[in-house]
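Input: a single structure, listed below in structure tokens.
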Amino acid sequence: MLPLKLLGRDWRGGELALIATALVLAVSCVTAIAHFSDRLTRAMHIQSQSFLAAERVVQSSKVVPQEWLSKAEELGLEQAQTTTFASMLSAGDEFQFASVKAVTNAYPLVGHLEMRANASDEPRTVQQGPVPGEVWLEARLLPLMDLQIGDQLQLGDGDFAITGILDHEPDRGANLFSMGARLMMHQSDLAATNILQPGSRVTYRYLFSGDDAALNSYFTWLKPQLTEHQRVIDLEEGQPRVARTLDRAESFLFLAASLAVLLASVAVGLAARRYGLRHANYVAVMKSLGAGKNKILGIYIGQMTALALIATAIGLAIGSLIQAQAVNLLEGFFPVAPPPSGIQPLWVGLATGVACVIGFAMPPLFRLAQTDPMQTLRQDWSNPDKREWLGLIPGPLSMLLLIWWLSGSLAITLALLAGLGLLIAGAAVVNRLLVRGRLASLGGSWRIALGSLQRRAGFNTLLIAAFGTGLLAMLAMFYARTALIDEWQMQLPENAPNHFLVNIAPYELDGVKQKVEGKNLEGTEFYPMVRGRLIAVNGTPVNEREQKDGSIRRELNLSWTDTVPADNKIVAGEWWSEDLNEGVSVEVEVAARLGLSLGDVLRFSIGGLETEATITSLRTLDWNSMRPNFFMLFAPGSLDTFPATYIQSFYLPPEDKLFVNELVKNFPSVSIIELDKILENIRETIGQVAIAVESVLALMLVAGVLVLVAGVRASIAERLQEAAVIRTLGGRRQLLIRSLMIEFGLLGVAAGLLASIGTEATLAVLTQRVFDMPFQFHPGLWVIGPLAGALLVGTAGTLACRSAVSQPPLKVLRELA
Amino acid sequence: MSVMLKAENLHHRVSTSEGPLTLLNDISLQLPMGQSLAITGASGSGKSTLLGLLAGLDRPTEGKIWLAGEEITAMDEEQRAALRARCVGFVFQTFQLLPGLTAQENVMLPSELRGERNAGKRAQEFLERVGLGHRLHHYPRQLSGGEQQRVAIARAFCSIANDSSTADNGILFADEPTGSLDAHNGEKVIDLLFKLNEETNTTLVLVTHEQRLAERCGAHLRMAAGEITTADLPDNYLGDQAGVSV
Chain W
0 MLPLKLLGRD WRGGELALIA TALVLAVSCV TAIAHFSDRL TRAMHIQSQS FLAAERVVQS
60 SKVVPQEWLS KAEELGLEQA QTTTFASMLS AGDEFQFASV KAVTNAYPLV GHLEMRANAS
120 DEPRTVQQGP VPGEVWLEAR LLPLMDLQIG DQLQLGDGDF AITGILDHEP DRGANLFSMG
180 ARLMMHQSDL AATNILQPGS RVTYRYLFSG DDAALNSYFT WLKPQLTEHQ RVIDLEEGQP
240 RVARTLDRAE SFLFLAASLA VLLASVAVGL AARRYGLRHA NYVAVMKSLG AGKNKILGIY
300 IGQMTALALI ATAIGLAIGS LIQAQAVNLL EGFFPVAPPP SGIQPLWVGL ATGVACVIGF
360 AMPPLFRLAQ TDPMQTLRQD WSNPDKREWL GLIPGPLSML LLIWWLSGSL AITLALLAGL
420 GLLIAGAAVV NRLLVRGRLA SLGGSWRIAL GSLQRRAGFN TLLIAAFGTG LLAMLAMFYA
480 RTALIDEWQM QLPENAPNHF LVNIAPYELD GVKQKVEGKN LEGTEFYPMV RGRLIAVNGT
540 PVNEREQKDG SIRRELNLSW TDTVPADNKI VAGEWWSEDL NEGVSVEVEV AARLGLSLGD
600 VLRFSIGGLE TEATITSLRT LDWNSMRPNF FMLFAPGSLD TFPATYIQSF YLPPEDKLFV
660 NELVKNFPSV SIIELDKILE NIRETIGQVA IAVESVLALM LVAGVLVLVA GVRASIAERL
720 QEAAVIRTLG GRRQLLIRSL MIEFGLLGVA AGLLASIGTE ATLAVLTQRV FDMPFQFHPG
780 LWVIGPLAGA LLVGTAGTLA CRSAVSQPPL KVLRELA
Chain P
0 MSVMLKAENL HHRVSTSEGP LTLLNDISLQ LPMGQSLAIT GASGSGKSTL LGLLAGLDRP
60 TEGKIWLAGE EITAMDEEQR AALRARCVGF VFQTFQLLPG LTAQENVMLP SELRGERNAG
120 KRAQEFLERV GLGHRLHHYP RQLSGGEQQR VAIARAFCSI ANDSSTADNG ILFADEPTGS
180 LDAHNGEKVI DLLFKLNEET NTTLVLVTHE QRLAERCGAH LRMAAGEITT ADLPDNYLGD
240 QAGVSV
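If you read the sequences in order, they're chains W and P. With numbering that gives the first Met the number 0, letter number 174 in the first sequence gets 173, and the count goes up by one each step, no holes. With numbering that gives the first Met the number 0, letter number 166 in the second sequence gets 165, and the count goes up by one each step, no holes.
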């Protein structure tokens, strides 16, 4: 086992330590990110699935056939059911309209309930709803009906004991327009109430969870049997806002893992190149002693394989430990404890190790095996090889294959490939400009620094590209993270409206306005609203189109206003003016889906009457604004002949929650949609995703620093030697330190400049193609990039070479010899 | 007396940016087994190139070389390496010890490359013979220049004296063995080299600048501009071909 023997001996020589360290760090960094991403993604999915209280849901306005439930049971799926309807509660002389939800024992399948057995208790987490005969009420119902825990209330023909206050239910947002405060009861009590009669407006929800294969199999079987009364809800449909946040976060994490792989492999590549150069004389000696090319290859590949196995194993272990520690440290921040990760991150780590070794560590060894044994006689270890560039192919190629596998996106992979090519080309150009510059005229330190840069012009191109990659990855991740988190925070600003008032009759309008304004609440204007159905476009009935677009399958809320609502923007046509005072403004996406354009005539059926309007403008709007939004906005006066109600949304601080009761008491016919709990849940999830993104950014910084260290170390020996010679010849310490700072600083500026260009381009692609956000120019980046490059590379380089100026030159020269 | 090394009409040219450059021009010689040959000449005369070709480290552009009875110019790199492993030892001007290995491990290396089992013991024997039995576990950086060259000599003889051959059919190539040493240490190293050469009956080819050292060899070739200019050598050192430069 000569390779292993030599591995042990080489290790003592310190040469292999660098490459092993780079490999361990590469694997551990990527494994940690992969683990972390995997666990956070799982946690985010659990958190987000809790919005449904299950992994998937079948919602129906009728009871589904028993066969459907039996099939799910056969496939081993977990099941629960909820039945939701509005009903009147009574307790003595108090009557109150409430939103009733009956649940089975298994509810919720995902997520939890929070309740209090006493009003003064802290809410506690429970996994099951009330037992038969008991009900839990939302807090504000108790004062509204003058009730206390332990009292009885009537629902239909049933009497129930109030045993708890319901503070949280995971799928409260499932039916946004369920009105009234919540009463939760056991499903088995429903029959005794005799409330549900044929024709009652009820929402039945069938909740399912299980492994993906069983779920997919079940829904493949079920979907063809669904009728128009039933639909399947998954996260995408149930909570598009959360789904989009998750999608973007996952894209970010994948990209971060890919860039970490790239950074780590650059570090391994630099270390391996240095190893190859340093070992050229070893190989020449071994060849002169009778070792053939195959023997040399056998020894070095054997060594590298053993090293790779050990380093990868250590890297996998360290990566797993880092992420476990990181999750422990951040535990308090997660609303849902991140579940253990699967085996996938270990595969990612292993693949990184293999790709780094095959792509970056092995090519220098093949080149090493070509070493001319005559070098032992010529004293020339530079091993010049015009085909050196061939050795640069396997690395990027293996990385791109790995990134393709990780990201699953050929577009991202090719974009990275193009980016890398541009970066290397840019590095060559910048390097040429640098060494041809006239900076040497600035003085002694500059002359030494410039001379050093010129001597290593070829390698410096690689070094600038490597530093540039490191800085690019760090800057791109930093800016992408900032853009994402800012955008998420903008989605739900702290004071976003969290209550909607609907069905405000015209005669109640002034009263409600006074009440809301009297409370000094931040609210939108009051929009009139009539319900109508789009029945024809340019005289053609919409029956056929109806199948394609859900937005016109149901009745639409039609409104009118004389000013463009906040967050709306006219993108085609004109808004109302003195010359234009009739027609309809249509939301641009629905117009695109229905093939509508300016000048089309739409016919609506409103309460049995028909009216026509010509499209005079198209609008974009922000569905995340939590304001009343309308597909169709008419010119003021167009719909005056139809009976309208009004709608408004406002932000109600949590401490003023009982204001809802005041409104309910004063305006019993006004419906109040309370979104505060839902928004809180969404905020928690977005907060968790933001923590994930920031944590991964920190790991990326570690990988970036790794590249800096490996880059500096790759060229340190020659620099040390030169510095020692200059000192021997009488060069002063300060002169050398200044020249090192200038040399590495210039490399850093060049790399930083390239990184800024690359980051701006990367962000342009990322934000528009991956995150689906508008492009934004980042002027600060063009300052931060070169500055960060100069500081980081300059400091790392100077620190790494400090021994050359702090130790006696003879010692440095002897050690290097 | 059988021939250990034979070269016929060697020419060696390399390409440079300024055009082809002739390093060796029509060199022929032969060296009987167990004898010694010194090659001297100014820097750039082609002596180290000739040494490398004779040892099979490279192939000449033209001409033939036989080493230990085998034509190495007809061999590929692997075959030449195998032959070197069997019967060639090297001593270099800059010692060429591997810095990560101890003195004993450096000496063991040739035996280990051949897969021999008793490499450690044999290395110890040779290190004792060069007077470094007490420095087995020292690293090159812990040894003086003279000591490092003695380790290199031990390695060279260990390389020749292997399981598959006897030392007397081995050949040792030394490239400026005293070039990095002071006079005193150089003298000691040369004494040692010739003593071991005699004890083991190996053939010795050495390149040197030192006239004194060259005079200790049985034969002496002087080179200039890639050609042999003068030769002090017995008849049996000459090649059979016409054109031998004498």
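Positions of the beta carbon are idealized from the N, C-alpha and C atoms, including for glycine. Predicted, not measured: the structure shown is a model, and the values here were computed from it.
- Annotation: Cβ neighbours of P/ALA81 in chain W (cutoff 8 Å, chain order): GLY289, GLY291.
- Annotated as distal: W/LYS4 and P/GLU70, with beta-carbon spacing of 9 Å or more.
- Among the CB atoms of chain W, one or more fall inside 9 Å of the CB of P/PHE91.
- In chain order, GLY291, LYS292 make up the part of chain W whose C-beta sits under 8 Å from the C-beta of P/GLU76.
- Residues LEU143, ILE671 of the same chain have their beta carbon placed closer than 7 Å to that of W/VAL663, with the five preceding and five following residues left out of the count.
- Residue-level contact check: P/THR207 does not touch chain W, since none of the beta carbons of chain W fall below 9 Å from its beta carbon.
- Residue contact check for W/TYR281 against chain P: a CB pair falls below 9 Å.
- Residue nearest to W/LEU557 within the set W/VAL570, W/GLU586, W/GLU121, W/GLU577 is W/GLU586 (criterion: CA-CA distance).
- Counting along the chain, the unbroken beta strand (DSSP E) around W/SER670 starts and ends at 670-673.
- When C-beta atoms of the region 300-314 of chain W are compared with those of the region 18-38 of chain W, three or more pairs fall below 8 Å, so the two segments count as touching.
- Taking a contact to require three or more Cβ pairs closer than 8 Å, the region 143-153 of chain W and the region 99-111 of chain W do not qualify as touching.
- Nearest to W/PHE84 by alpha-carbon distance, out of W/THR202, W/PRO393, W/VAL134, is W/THR202.
- The alpha-carbon of W/ALA612 is positioned some 51 Å away from that of W/GLY418.
- The Cβ atoms of W/LEU182 and W/SER98 sit closer than 9 Å to each other.
- Rounded to the nearest angstrom, the gap between the Cα atoms of W/THR103 and W/PHE359 is 58 Å.
- Contact between the region 399-409 of chain W and the region 268-279 of chain W is not established, with fewer than three Cβ pairs separated by less than 8 Å.
- With a 10 Å radius around the Cβ and a threshold of 16 neighbouring Cβ atoms, P/GLN123 comes out buried.
- Rounded to whole angstroms, the gap between the alpha carbons of W/VAL134 and W/GLY128 is 9 Å.
- When the Cα atoms are used, P/VAL150 and P/VAL87 turn out to be separated by approximately 16 Å.
- Counting along the chain, the unbroken beta strand (DSSP E) around P/LEU23 starts and ends at 18-31.
- Against chain P, the CB of W/MET303 has no partner CB under 9 Å away; the residue lies outside that interface.
- Contact annotation: P/LEU205 and P/ASP231 have beta-carbon atoms that are not nearer than 9 Å.
- P/LEU171 and P/ALA153 do not touch by the CB rule: their CB atoms are close to 12 Å apart, not below 8 Å.
- DSSP assignment within the region 253-338 of chain W yields the following whole alpha helix (DSSP H) runs of 4 residues or more, N-terminal first: 292-328.
- Secondary structure of P/MET222 (DSSP, three-state): strand.
- Counting along the chain, the unbroken alpha helix (DSSP H) around P/ILE152 starts and ends at 144-159.
- A contact is defined here as three or more CB-CB pairs under 8 Å, and the region 216-229 of chain P meets this definition with respect to the region 31-50 of chain P.
- For W/PRO372, the chain P residues whose C-beta falls within less than 7 Å of its own C-beta are LEU56, listed in chain order.
- Taken through DSSP and simplified to helix, strand or coil, W/VAL109 comes out as coil.
- The C-beta distance from W/PRO653 to W/ASP639 rounds to 39 Å, too long to fall under 8 Å, and the pair is not in contact.
- Contact between W/ALA105 and W/GLY163 does not hold, since the beta-carbon distance rounds to 19 Å and is not under 8 Å.
- With a threshold of 16 other beta carbon atoms within 10 Å, W/PHE776 falls short and is exposed.
- For W/GLU227, the closest C-alpha among the options W/PRO372, W/GLN58, W/LEU74, W/GLY157 is that of W/GLN58.
- Judged by pairs of C-beta atoms under 8 Å, the region 776-792 of chain W touches the region 757-764 of chain W, as three or more such pairs exist.
- Excluding residues up to 5 positions away in sequence, GLN302, ALA305 lie with their Cβ nearer than 6 Å to the Cβ of W/LEU6 in the same chain.
- Under the DSSP definition of a beta bridge, W/ASP158 partners with W/GLN153.
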